[in-house]
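Single-structure report; data block below.
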Amino acid sequence: MKVGLIGKGAIASYVQNALESRPHSIDAILVRPSRVTENPGLYVGSVQDFPDDLDLVIDCAGHAALAAHGPAILARGIDMITVSLGALADQEVFQTLEEAARKSGAKLHLASGAIGALDCLQAADIGTLEQVTYVGRKPPAGWRGSAAEKKIDLAGLKAGAQTHFEGSAREAALAYPKNANVAAAVALAGIGFDKTTVRLIADADVGANIHEVEAKGDFGSFAFRISGQSLPDNPRSSALAAMSVISKLDALNAVITL
Numbered sequence: 528m529k530v531g532l533i534g535k536g537a538i539a540s541y542v543q544n545a546l547e548s549r550p551h552s553i554d555a556i557l558v559r560p561s562r563v564t565e566n567p568g569l570y571v572g573s574v575q576d577f578p579d580d581l582d583l584v585i586d587c588a589g590h591a592a593l594a595a596h597g598p599a600i601l602a603r604g605i606d607m608i609t610v611s612l613g614a615l616a617d618q619e620v621f622q623t624l625e626e627a628a629r630k631s632g633a634k635l636h637l638a639s640g641a642i643g644a645l646d647c648l649q650a651a652d653i654g655t656l657e658q659v660t661y662v663g664r665k666p667p668a669g670w671r672g673s674a675a676e677k678k679i680d681l682a683g684l685k686a687g688a689q690t691h692f693e694g695s696a697r698e699a700a701l702a703y704p705k706n707a708n709v710a711a712a713v714a715l716a717g718i719g720f721d722k723t724t725v726r727l728i729a730d731a732d733v734g735a736n737i738h739e740v741e742a743k744g745d746f747g748s749f750a751f752r753i754s755g756q757s758l759p760d761n762p763r764s765s766a767l768a769a770m771s772v773i774s775k776l777d778a779l780n781a782v783i784t785l
């Protein structure tokens, strides 16, 4: 496949390196216009400058990038993979992306990000899901630059845990655009943004990002927990989120797939 990329951060770098061992090529990378001259043969400054023969664009640049560039990419009939699931909590963004995809026939594929077992949640939603709860627990440093800074003293939290958010997945995704993609993934797989309950915690006693999901319904109940490591290049970027992009790409090319 001929692939376009949005972003130059830690997840984008992981994707680039992983694709070197796969039968795909990165033909263009969308960056800020001011950076195009750094690599004019590869970098482009707008969606219109993407080659016409791209098979897929991978978004690794966050909520704002998906909202800004996603509709135009889909409108061109180019499929996308994104890890910026929290952007879909904005109903206007969701509808704009959906409308562009429907008109062109393109598809927006959602990478699972830093969470797993979403297939179980999707299956359970075929019946009646009564309750879905997501709890995100990170070391205090993992919440720097987020709304948590205004609610608790992250620097002063040396032991124990403090909850700094409780509400719906929609509220979490909108208030924590760089930290709540997992909450959005859980919501999209299950009972939706407004019915999914979220609790976000700063915990000085943990050394990893911990994601917990509990669900109950007519299927029974389940609970799972993932303790995730960050990428070496960026402590705020999940290694599993980057891996999920490649996993989604592999699934799209497989002739036998789960």
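Heads up: take any position in the sequence shown, counting from 1, add 527, and you land on my numbering. We put the beta carbon where it would ideally sit given N, CA and C, even for glycine. Everything numeric in this text was worked out from a predicted model, so none of it was measured.
Alpha helix (DSSP H) segment containing Tyr541, residue limits: Ala537 to Leu546
At least three beta-carbon pairs within less than 8 Å, the region 545-554 to the region 591-601: no
Alpha-carbon spacing of Ala627 relative to Gly683, whole angstroms: 46 Å
Any non-hydrogen atom of the ligand NAD closer than 8 Å to Leu681 Cβ: In the structure shown, the ligand NAD is absent, as is every other ligand, since no ligand is present at all.
Span of the beta strand (DSSP E), counted from its first residue to its last, around Ile737: Asn736 to Gly744
Separation of Gly694 from Gly663, as counted between CA atoms: 12 Å
Reference Gln622, options Leu785, Leu601, Asp730 and Gly640, closest by Cα: Leu601
Helix, strand or coil at Gly597 [DSSP, three-state]: DSSP, read as helix, strand or coil, puts Gly597 in helix.
His590 versus Glu698 - alpha carbon distance: 15 Å
Reference Ser754, options Gly747, Ala766, Asp745 and Thr660, closest by Cα: Distances from the alpha-carbon of Ser754 to those of Gly747, Ala766, Asp745 and Thr660 put Ala766 closest.
Which residues DSSP lists as bridging Gly694, in chain order: Val725
Of the residues Asp730, Leu557, Ala707 and Gln649, the one placed nearest Ala742, counting alpha carbons only: Gln649
The region 638-656 contacting the region 667-676, beta-carbon criterion three pairs below 8 Å: no
Exposed unless 16 or more other CB atoms sit within 10 angstroms - verdict on Ala700: buried
C-alpha distance - Asp579 paired with Arg671, whole-angstrom precision: So the alpha carbons of these two residues sit roughly 40 Å apart.
Contact set for Ser639: own chain, Cβ-Cβ below 7 Å, skip 5 residues either direction: Leu645, Ala712 and Ser771
Cβ pair Ala710, Thr723 closer than 9 Å: In this structure, Ala710 sits near Thr723, with a CB-CB distance shorter than 9 Å.
Exposure of Lys665, with buried meaning 16 or more beta-carbon neighbours within 10 Å: buried
Top-ranked residue by Cα proximity to Leu681, from Ala731, His636, Ala702 and Thr655: Ala731
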